[in-house]
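What follows is one structure encoded as structure tokens, with my remarks underneath.
2 protein chains.
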Amino acid sequence: MEYTGVGAAGPAASTADKTAADYYFDSYAHHGIHEEMLKDTVRTESYRDAILKNPHLLKDKVVMDVGCGTGILSMFCAQAGAKHVYAMECSAIVEQARKIAAANGFGDKITFIQGKVEEVELPDGVEQIDVIVSEWMGYFLLYESMLNTVIFARDKWLAPDGVILPDKAIMYIAALEDGEYKREKLDFWNNVYGFDMSCIRELALVEPLVDTVDPAAVVTEAFPFKVLDMKTVTVDDLTFSADFALKVTRDDYCHGFVSWFDCEFSSCHKPVAFSTGPDAPYTHWKSTVLYANAGEIMVSTGEIITGTVSVAPNATNPRDLDIALSFEHKGRYQETVETMEYKMR
Amino acid sequence: MEYTGVGAAGPAASTADKTAADYYFDSYAHHGIHEEMLKDTVRTESYRDAILKNPHLLKDKVVMDVGCGTGILSMFCAQAGAKHVYAMECSAIVEQARKIAAANGFGDKITFIQGKVEEVELPDGVEQIDVIVSEWMGYFLLYESMLNTVIFARDKWLAPDGVILPDKAIMYIAALEDGEYKREKLDFWNNVYGFDMSCIRELALVEPLVDTVDPAAVVTEAFPFKVLDMKTVTVDDLTFSADFALKVTRDDYCHGFVSWFDCEFSSCHKPVAFSTGPDAPYTHWKSTVLYANAGEIMVSTGEIITGTVSVAPNATNPRDLDIALSFEHKGRYQETVETMEYKMR
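Order-wise, the sequence lines are chains A and B. In my numbering, each number is its position in the first sequence, counted from 1, plus 1119. In my numbering, each number is its position in the second sequence, counted from 1, plus 1119.
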């Protein structure tokens, strides 16, 4: 079933005319990013289990899939007995999603709406949704800010006793020993074939690095610095400051911090959850590394690194993130106090 | 030295206003892609050797660096004794290049011009260039079509006896055994968590795949299907058809083709060259794989696979490539004739 929706953002007339927003959505038009997400079995199997193993949540219910991509979650919901699924997707991948749903016999169960959730009305006189399913999480959880759209959908359509899958996210931080890689990524710029390119080091330093982190590199306990409950979170909550205290677990050096998130589907019969942390199996989100400017910070078992992390959407491009991190460490040999301002673009 | 040039494409007023062209250049504004290219030692050391080991080509000469990026090649030229270097760069990375040149004492030797080569005039009354240096090569050599710009610069400014570094490129093709990866990349779409997503397989099939190819996967001799001489190549030459004949070197299966290029700096005292082929050390260009639609094609030693490869810039976005490949194989057990049309986006 096709429905373009009021105010649907159709494809721009020519490549030359597209805007930044179009390019954000168009990056999802290509199958490569969907291949990566689908092959992330931690991600996809968690959603599959949350849906297929909980037919009591889906049966005869009206579902909205926010940012449906290839439509996999919508099809899981249809399989689990949903009465109907409204699958919202801005990027051109929705054309493939329509073909896929039809090829799998879900043509009548899933209505694809190409457009911005904030701009469309639902067809069929539908004004209330029983279940929202969405895979909205970005790097550092909040990069790309798709959560704002989920919040909008919840506030506009979700029934008072409606279900959100997933419904909880927790952001963690820990300190990191990463000297060798920091040299490869940052100090590299100090001497490039004999040339001083350190001005680029300064740019690289303030750019959060998304990469797989070896759990052996983590030198403190993890601290959960932010909890988001999808039932109650507001857009204002996504601009926040949170204090943290990290207990050092071995004598080592600290080069910065690593952040990740856990996700929960707590309304499930048996709660489904997954972690993107260094200790957990690989996910396409990996972890987010924030290097300190300070050099080799000597940390000893039992010492505490305290600090504050502040997160806000960037004023110019709200899908980008400004992350400030200040920390203090009084160690056996030295004291370090530093404030860093990162830009996630 | 700063010079914005006539018609320089300055940064657009806001993120929302940028066009496709701006996004092409902006992808080069971020240091990440420059880090990758600089860390490609095959690439960068080849240029370094071609320049620094050949001062007779550079000393007291006026040089143009087309697409200078961080300015590394311009600085090599200045080091080698160039009289002056005009470094052309459209993306915002040029701001870093200016700082870098200044930090390394080349502020007076290198003039950075932010703008499209096709739109600027050179300052200082300069109308002729002695040397053009450019790292213009893209995936499959021609993806991103920066060669058009080098040709323009050559025709507008290069002295009749001027030097171009590099001056020669050769494109190769061979046949490939790649069954396992083809299944991972293509057949994957036939069954995704039980769903038929084969419409995406059809898209993936016609998209050239840039990846590292194991030399052991190559099942024929390599065939050089296109030679480009930078001194004489025209834009029209970049739309072409070329026949090939591939001699099978072992009994195996063929799943498609692999293409790569070699580059030469033949004006050097001792010619410098590098290959991006499967047999050669890693480069960031990797190789380009073109899968056949046909399944397991049984090839036997000594047999010949003949065909034609046609390349043209895409009409809608000239930086993209349309690649047609038709081939014929009369084997011991079967005959295969196929035409594929790939789109490199």
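Ideal placement from N, C-alpha and C gives every residue a C-beta, glycine not left out. Since we're looking at a predicted model, the values are computed, not measured.
- Close CB contacts of residue 1332(A) within its chain, under the 6 Å cut and outside five residues either way in sequence, are with 1377, 1397, 1406 (chain order).
- By the rule that beta-carbons nearer than 7 Å mark a contact, residue 1306(A) does not touch chain B.
- If one requires a minimum length of 3 residues, the beta strand (DSSP E) runs lying completely within the region 1288-1366 of chain B are 1328-1330, 1342-1348, 1359-1366, in chain order.
- At least one C-beta of chain A is nearer than 7 Å to the C-beta of residue 1314(B).
- Residue 1287(A) and residue 1194(B) have their C-alpha atoms some 53 Å from each other.
- Counting the other Cβ atoms within 10 Å of the Cβ of residue 1278(B) gives fewer than 16, which makes it exposed.
- Interface residue (Cβ-Cβ distance to chain B less than 7 Å): residue 1203(A) is not classified as such.
- With three or more CB-CB distances shorter than 8 Å, the region 1409-1418 of chain A counts as touching the region 1371-1391 of chain A.
- By the neighbour-count definition (other C-beta atoms within 10 Å, threshold 16), residue 1192(B) is a buried residue.
- Counting only Cβ-Cβ distances below 8 Å, residue 1223(A) has contacts in chain B at 1314, 1315, in chain order.
- For the set 1438(B), 1174(B), 1380(B), the Cα lying nearest the Cα of residue 1343(B) is the one of 1380(B).
- Contact annotation: in the region 1174-1203 of chain A, residues whose CB is within less than 7 Å of a CB in chain B are 1189, 1191, 1194.
- Going by DSSP, residue 1392(B) is part of the beta strand (DSSP E) stretching over 1391-1394.
- If the five residues before and after residue 1442(B) are omitted, its C-beta is found closer than 6 Å to the C-beta atoms of 1430, 1461, all from its own chain and listed in chain order.
- Residue-level contact by beta carbon fails for residue 1403(A) and chain B, as no gap is shorter than 7 Å.
- When C-beta distances to chain A are compared with 9 Å, the residues of the region 1154-1172 of chain B below that value are 1154, 1157, 1158, 1163, 1164, 1167, in chain order.
- Annotation: Cβ neighbours of residue 1218(A) in chain B (cutoff 8 Å, chain order): 1318.
- Residue 1320(B) has its alpha-carbon roughly 8 Å from the corresponding atom of residue 1307(B).
- For residue 1417(B), the pairing in a beta bridge is given by DSSP as 1372(B).
- Within the same chain, and ignoring the five residues on either side of residue 1263(B) in sequence, the residues whose Cβ sits closer than 6 Å to its Cβ are 1257, 1438.
- Excluding residues up to 5 positions away in sequence, 1397, 1398 lie with their Cβ nearer than 6 Å to the Cβ of residue 1334(A) in the same chain.
- Following the DSSP letters along the chain, one finds residue 1409(B) in no alpha helix (DSSP H) but inside the beta strand (DSSP E) bounded by residues 1406-1410.
- In the DSSP annotation of this structure, the continuous segment of the beta strand (DSSP E) that includes residue 1281(B) starts and ends at 1277-1284.
- At a cut-off of 7 Å between beta carbons, residue 1323(A) contacts chain B.
- Per DSSP, residue 1210(B) has no beta bridge partner at all.
- Within the same chain, 1459, 1460, 1461, 1462 come within 8 Å of residue 1325(B) by CB-CB distance, once the 5 residues on both sides are set aside.
- In this structure the region 1161-1180 of chain A touches the region 1382-1389 of chain A; the number of beta carbon pairs closer than 8 Å is three or more.
- Take the alpha-carbon of residue 1345(B) and the one of residue 1440(B): they are about 16 Å apart.
- For residue 1270(B), the closest alpha carbon among the candidates 1337(B), 1198(B), 1354(B) is that of 1354(B).
- Rounded to the nearest angstrom, the gap between the Cα atoms of residue 1281(A) and residue 1198(A) is 19 Å.
- Between the alpha carbons of residue 1223(A) and residue 1311(B) lies a distance of about 11 Å.
- For residue 1253(A), the enclosing beta strand (DSSP E) begins and ends at 1248-1253.
- Nearest to residue 1452(A) by alpha-carbon distance, out of 1427(A), 1422(A), 1434(A), is 1422(A).
- The residues 1379, 1380, 1402, 1404, in chain order, have a CB closer than 6 Å to that of residue 1395(A) in the same chain once the five nearest residues on each side in sequence are set aside.
- Interface residue (Cβ-Cβ distance to chain A less than 7 Å): residue 1233(B) is not classified as such.
- At the C-beta level, residue 1318(B) and residue 1215(A) come within 7 Å of one another.
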